[in-house]
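Trainee:
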Amino acid sequence: MIIRSRIVVPMEGEPIEDGAVVVEGNRIASVARFDDVGRHHSGHLVDLGEHILLPGLINAHCHLDYTMLRGKIAPHGSFTEWIRAINAEKARLTEQDYIDAISVGFAEARRFGTTTIANLTAFPHLAATVTEPVRTWWFGELIDVRNPNPGLADKAVALLKPVKKHWGLAPHAPFTASKQLYARCNEIVRGEGFLLTTHLAESADEMQMFRDRTGSLFDFLRSIGRPMNDCGSGTPLSFLLQTEAIGQRWIIAHLNELDRHDFILLGDAPKFHVVHCPRSHTFFGHATFALDRLQALGFNICLGTDSLASNSDLSLFAEMRELLRNESGLSPREVLAMATLNGALALGQRGLLGTIQPGAFADLVALPNVPSDADVFEKIVAFEETVPWMMLNGDIVTAG
Ligand SMILES: [Zn+2]
């Protein structure tokens, strides 16, 4: 199949005017100007006309479990209060509510041109009941806040591995997952080729808890029976690095709260991947994300939506716009790379996802090429509708 479009944006390399992509099976065989492709390839022609064709977007951090919590929790600046509020909301939901939430979330993400999702689920036993309509990494989210229970990792593997092609483990955060649980996740990963993710240094409350043994998160977790003897000796980052809980294979969500010494540690730390969630970040009013410094230290930064308990929808286009509002030095091209190439790198899929190049999976989206003076990357980032055309794994599908 040959797909022709007014502009093809391969991400690796420059945009191609009157471009074409040759798809063979579920992979891309070639990408070039339409005239050049026509000389070497024949096949069914899909002419998209005045469209911009780009790789499907990659959401590197979300929790589809909580899709139904959209608009339920108001932003009030306290991370600990938000945890209390989400726990109260969760107590009202049934297993069927969560299954529905995951399905509705997938459909919404797909409408917004997302073709790959890293989805953390607190209910790995429900994963088997959902057939994902986009490429999905299922991360079993693990919490053993009161007593260390490293066996949770093995249980999640037993639930996810037989039913999902791509899966991983997500000890929730250093304030809810024990170091024994992190250690068990690392142990398992040595024998299996899967991915690991966690939340780290997200909020000022978390920083206060670990560094100062005080604050609302410290008080709340102590009140529910968490042993607090790991608090009072350093920052959340230094705690996880000291215990060798995180390494190069990890995808670290947030990393908002870092002090001067943390940046020194990061210089020598394994170069894990970092997911930034711009609108969730704004919802909580977290400290400014140190994008430039983290990039300068060699960390790969990708984008996620987080859950709808702290965001209004699952559009990565909106995440890109929010990031551009907050980071005046960034270009639309750079933020699009974060939602494509960088997400692929984090998932161990460099050259296979988030790019239009020979050998990559044929996950593509097309957007209308609206006439204006804006460059193609500005037009992409400005897109607010349902994606009108989409290809997933070589099949043309409806996005809506
Ligand atoms: Zn999260």
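Convert by adding 1 to the 1-based position in the sequence shown; the result is the number in my numbering. All residues carry an ideal CB built from backbone N, CA and C; glycine is no exception.
#1: Give me the Cβ distance between ALA347 and ALA61, rounded to the nearest whole Å; I'm assuming they're in contact under 8 Å.
#2: What are the boundary residues of the alpha helix (DSSP H) that includes SER281?
#3: In chain order, what are the residues with a CB under 6 Å from some non-hydrogen atom of ligand 1?
#4: Can at least three beta-carbon pairs, one atom from the stretch 310-318 and one from the stretch 353-360, be found at a separation below 8 Å?
#5: As a quick exercise: from MET339, THR289, ASP206, GLY349, pick the residue whose alpha carbon is nearest that of ASN327.
#6: When you compare the CB positions of HIS167 and LEU201, do they come within less than 9 Å of one another, or not?
#7: Where does LYS380 land, buried or exposed, given buried means 16+ other C-beta within 10 angstroms?
#8: To the nearest angstrom, how far is it from the Cα of PRO369 to the Cα of GLY44?
#9: Here's the rule I'm using: 16 or more other beta-carbon atoms within 10 Å means buried, otherwise exposed. How should LEU50 be labelled?
#10: Three Cβ pairs or more, each shorter than 8 Å: is that satisfied between the stretch 88-98 and the stretch 140-152?
#11: Measuring straight from C-alpha to C-alpha, what distance separates ALA119 and THR137?
#12: Taking GLU203 as the reference, give the member of PHE362, PHE221, ARG334, THR236 with the closest Cα.
#13: Indicate the three-state DSSP secondary structure (helix, strand or coil) for HIS173 in the structure shown.
#14: DSSP has LEU201 in a bridge; who is on the other side?
#15: Opposite GLU25 in the DSSP bridges: which residues?
#16: CA-CA distance, PRO163 and PHE285?
#17: Could you pull the start and end residues of the alpha helix (DSSP H) that VAL371 belongs to?
#18: Output needed for GLY106: all residues of its chain with C-beta closer than 7 Å, excluding positions within five of it in sequence on either side, in chain order.
Mentor: This is what the structure holds:
#1: 5 Å
#2: Going by DSSP, SER281 is part of the alpha helix (DSSP H) stretching over 279-285.
#3: HIS62, HIS64, HIS200, ALA254, ASP307
#4: Taking one beta carbon from each stretch, the stretch 310-318 and the stretch 353-360 have fewer than 3 pairs nearer than 8 Å; the two do not touch.
#5: THR289
#6: Not a contact, by the Cβ cut-off of 9 Å.
#7: buried
#8: Computed Cα separation, rounded: 24 Å.
#9: Before going further, note that residue 50 is Gly rather than Leu in the sequence given. Exposed, because fewer than 16 other Cβ atoms sit within 10 Å of the Cβ of GLY50.
#10: no
#11: 6 Å
#12: Nearest Cα to GLU203 within the set PHE362, PHE221, ARG334, THR236: THR236.
#13: coil
#14: Per DSSP, HIS255.
#15: ARG28
#16: Computed Cα separation, rounded: 37 Å.
#17: Membership of VAL371 in any alpha helix (DSSP H) is not indicated, and neither H nor E is assigned to it by DSSP.
#18: LEU65, THR68, LEU315
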